[in-house]
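Take a look at the structure set out below.
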Amino acid sequence: MTKAHIWLRAESKPLEERIALTPDVAKQLLQAGFKITVEESSLSAIPAQAYQEIGCEIAPAHSWHNAPSDTIILGLKELSEDSWPLTHRHIHFAHVYKEQQGWQAVLRRFKTGEGELYDLEYLVDNNQRRVAAFGYWAGFAGAAVALKAFGRRQQAADPVLNKLTSMPSKQALVDDVAESLSPLARAPKVLVIGAKGRSGRGAVEMAKCVGAEVTEWDMAETQVGGPFEDILDFDVLVNCVFVQQALPPFITLPMLETNDIEPRRLAIICDVSCDPYGTYNPLPIYSSCTTFDKPCLRIIKGDNPVDLIAIDHLPSLLPVESSEDFCEQLLPHLLQLDDLTQGVWQRANRVFTDKLSQV
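Under UniProt numbering, the sequence shown is numbered contiguously, ending at residue 359.
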């Protein structure tokens, strides 16, 4: 008996090469009786042919809205900004539950179309721990980009970073960053906040791979509440804190602008958490994300500038490895898609229902 029909949609976010379903995981779902349709994509790091060879149906890009009403639409990043009602059950990172920009409009589309959202960020176990996340890869890639930027800054590179492109492997990324740091006379001092979480562990590992001097902060160091003047004593700040409530800011723009008494050391900030549009941002020093095309934003100009990196899909720097890891984490729960009334799916639906009542 055929189980649920899963439709893997093509991503619409520019430069998003990751995929929410790898061929290996798709094959296991097919063997379990699921039907799978995969959209063609010019962005994906994995071609549609790889899915066709294992028995998936192939559909044109962005044709999911014509899928049968009982189809489950699977993706990674948020849908494109349209206004027509959403009638299907959707699984993806929607970024609408923390009152981010445009959150009400997105939820109204679900409300009007009577569709449902199972946000990947809110798939949690009985202990409220996420069952699948890209966090490690976000931290690893974020620290890599920040350290490369620092190396180029010390060599007076202009721009600090050129357009970013995906890398074939972790080792290739480590080698690339190490090359940027090799001319420096000393190792950079790096502060990772949220060091014990998934993202933080990835950032710490990356920094240590290239010989940086790493300091790790977590809840014990930040529970008294910011701002924290000590942050200014590091070359690079990598923020990996997963925020679920409003916090006092870790740093502020006036802190960064003050450079009279003792020169500020902080030169590069990477906000891996990257949530400038919501009300929970502990780094209220910028108002929009940066991109792979333009990775750095100079938030403090002058003789001692500060450059910010705030890319909301950092794991795309390592699209194949990060997708493989994420999909393996998600597989046990995808195998339960025939019953969305229990487990992680039920918990995600409760959050959706609660948020939907607010619009």
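Even for Gly, the Cβ is constructed at its ideal location relative to N, Cα and C.
Going by DSSP, what residues sit across from residue i in a beta bridge?
| i | result |
| --- | --- |
| W217 | I193 |
| I73 | W7 and H90 |
| L297 | L308 |
| R130 | V124 |
Taking C-alpha atoms, which residue in the options lies nearest to residue i?
| i | options | result |
| --- | --- | --- |
| I58 | L79, K35, L76 and S80 | K35 |
| V241 | Q52, A138, D70 and P23 | A138 |
| W217 | A132, Y118 and A203 | A203 |
| N239 | I285, Q31, R298 and E121 | I285 |
| F234 | A187, T279 and G200 | A187 |
| V320 | H90, H65, A48 and P168 | P168 |
| H92 | P248, R298, P85 and E116 | E116 |
| R350 | Y122, E17 and I46 | Y122 |
| Q245 | G211, P282 and G226 | P282 |
| E81 | R89, Q101, P295 and A67 | Q101 |
| P227 | G200, M255 and V243 | M255 |
| E68 | A48, H90 and P47 | Strictly speaking, residue 68 in this sequence is Pro, with Glu absent from that position. Cα-wise, what sits closest to P68 is H90. |
| P295 | L15, K3 and H5 | L15 |
| R153 | R265, L340 and E40 | R265 |
Just reading off the alpha helix (DSSP H) that residue i is part of, what are its end residues?
| i | result |
| --- | --- |
| E205 | R198 to C209 |
| W103 | W103 to G113 |
| L232 | Counting along the chain, L232 falls outside any alpha helix (DSSP H), and DSSP gives it neither H nor E. |
| T353 | G343 to L356 |
| W137 | G135 to Q154 |
| S180 | K170 to L181 |
| L334 | P319 to L334 |
| Y51 | A48 to Q52 |
For the beta strand (DSSP E) holding residue i, just list the boundary residues, first then last.
| i | result |
| --- | --- |
| F270 | Residue identity check: residue 270 is Cys in the sequence provided, not Phe. Residues I268 to D271. |
| E121 | Per DSSP, E121 belongs to no beta strand (DSSP E) and is neither H nor E. |
| L308 | V306 to I309 |
| K35 | K35 to E39 |
| E57 | E57 to A59 |
| L237 | V236 to N239 |
Measure the beta-carbon distance from residue i to residue j and round it to whole angstroms, keeping in mind my assumption that it falls under 8 Å.
| i | j | result |
| --- | --- | --- |
| Y97 | A348 | Between A348 and Y97 the Cβ distance is about 10 Å, and since that is not below 8 Å, they are no contact. |
| Q329 | A132 | 4 Å |
Using 8 Å as the threshold, is the segment 265–276 in touch with the segment 167–184, meaning 3 or more CB pairs across them? No: the two stretches stay apart, fewer than three of their Cβ pairs being nearer than 8 Å.
Under 8 Å, with one C-beta from each stretch per pair, do the segment 131–151 and the segment 300–319 reach the 3-pair mark? A contact is defined here as three or more CB-CB pairs under 8 Å, and the segment 131–151 meets this definition with respect to the segment 300–319.
Quick check: the segment 191–200 against the segment 118–127, are there 3 or more CB pairs under 8 Å? The segment 191–200 is not in contact with the segment 118–127.
Kindly confirm or deny that the segment 88–108 and the segment 341–356 touch, where touching means at least three C-beta pairs closer than 8 Å. Counting Cβ pairs under 8 Å, three or more are found: they touch.
Taking contact to mean 3 or more Cβ pairs, one atom from each stretch, closer than 8 Å, check whether the segment 60–76 and the segment 8–22 are in contact. Enough Cβ pairs lie closer than 8 Å, so yes.
Is it true that the segment 285–294 meets the segment 322–331, where meeting means three or more beta-carbon pairs spaced less than 8 Å apart? They do not touch, by the three-pair rule.
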